[in-house]
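Here the protein sequences come in this chain order: A and B. In case it helps, numbering that gives the first Met the number 0 puts the first sequence at residues 0 to 199. In case it helps, numbering that gives the first Met the number 0 puts the second sequence at residues 0 to 76. Idealized CB from N, CA, C, for every residue including glycine.
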Amino acid sequence: MADEARAEDERSLTARAQAGDISAFEELVARHKDRVYGVALRIVRSEADAAEITQEAFLSAYQHLLELRGDAAFGTWVHRIAANLSVSRLRHLKVAGETETPLEEPEFTDHGLLAHYPQRDWSKGAEERALDNELRGAIRQAVDRLPSGYREVFLLKDVEGLSYEEIAEMTGDSVPAIKSRLHRARVALRAAIDRFYNES
Amino acid sequence: MFTCRDSIDLLQRFLDGEMPEEERHRLKEHLDACPPCVDFLRTYRATPGLCRKAMVDQMPRELSKQLTAFLRQRLRK
Ligand SMILES: [Zn+2]
């Protein structure tokens, strides 16, 4: 119910903003700026660039506000705009010769068995547990270290919740290529979390 | 022979629910006999959720103020 009321409230704010009420638009900005900034920051990894992308995303949302129709949610929409801007910014930032840490892959024995068995199953209750700061730091560092093509796909799919098709349209890559990178990114992040749990 | 490597390669499609019955069956057979792969599957599945929580950010106050100023200036036009 609280969610419904919130969505309803957001629709009415959007309608007011569309009718030219700037304070309604500012309220929408206040609600979404942290997450919009967050996704940009995780993708481009620079506060200054992320702040610029956030500005551009909200300005563009405002300029195209009348194109948003019916039940489309303002939040989802402005996130898509920010994700798109971040992806193209990342393309520009990728300088030739930039060295990236290679992706961490699981090791197997000659027989195709896992070389390092998970020592404990930390998945239990992972959804409900609050994240402690050290784990949070370890995860953020692991995400930052992913090669950019993997990081981008992981953030768009698993954090932002875009579909494979939407990501394909945004990045110009094929769906199978995106799926394969997502899988390898998850495997690498799983390993980083596993290390955290087994070392602490 | 169906190995851990094969099973890990298939996890994503398994979780996406895009797997032919026969392949599914072979994966389940492997998982039934291989507890480490089951732990791998569980922790693999829990990874995106944990990462989502770790990705929550707040826009720094200073940048937030700049955003407000920027929009105020541009929206009046
Ligand atoms: Zn196995």
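One alpha carbon belongs to A:Q54, the other to B:L70, and they sit about 7 Å apart.
Closest by C-alpha distance to A:E133, out of A:D109, A:R194 and A:R44, is A:R194. By the neighbour-count criterion, in which a residue is buried when 16 or more other Cβ atoms sit within 10 angstroms of its Cβ, A:E51 is buried.
Taking each of A:V43, A:R139, A:F24 and A:H115 in turn and checking the Cα distance to A:L58, the smallest one comes out for A:F24. Within a 10 Å sphere around the beta-carbon of A:E151 sit 16 or more other beta-carbons, which makes this residue buried. Rounded to the nearest whole angstrom, the C-alpha separation of B:H24 and A:A39 is 41 Å.
Listed along chain A, the residues sitting closer than 7 Å to B:A45 by beta-carbon distance are S122 and A125. Annotation: A:Y163 to B:P47 spans about 15 Å, alpha carbon to alpha carbon. With 5 Å as the limit, the residues whose C-beta approaches a heavy atom of ligand 1 more closely than that are B:C3, B:C33 and B:C36, in chain order. Taking CB atoms only, B:Q57 has a neighbour in chain A less than 8 Å away.
DSSP places A:V38 inside the alpha helix (DSSP H), whose first and last residues are I21 to V43.
Exclusion of the five residues before and after A:A141 leaves A187, L188, A191 and I192 as the residues of its chain whose Cβ lies within less than 8 Å of its Cβ. B:A32 and A:A47 have their C-alpha atoms roughly 51 Å apart.
Looking at the DSSP output, A:L113 sits in a beta bridge with A:F107.
For A:R194, the enclosing alpha helix (DSSP H) begins and ends at V174 to E198. According to the DSSP assignment, A:D8 belongs to the alpha helix (DSSP H) that extends over A1 to Q17.
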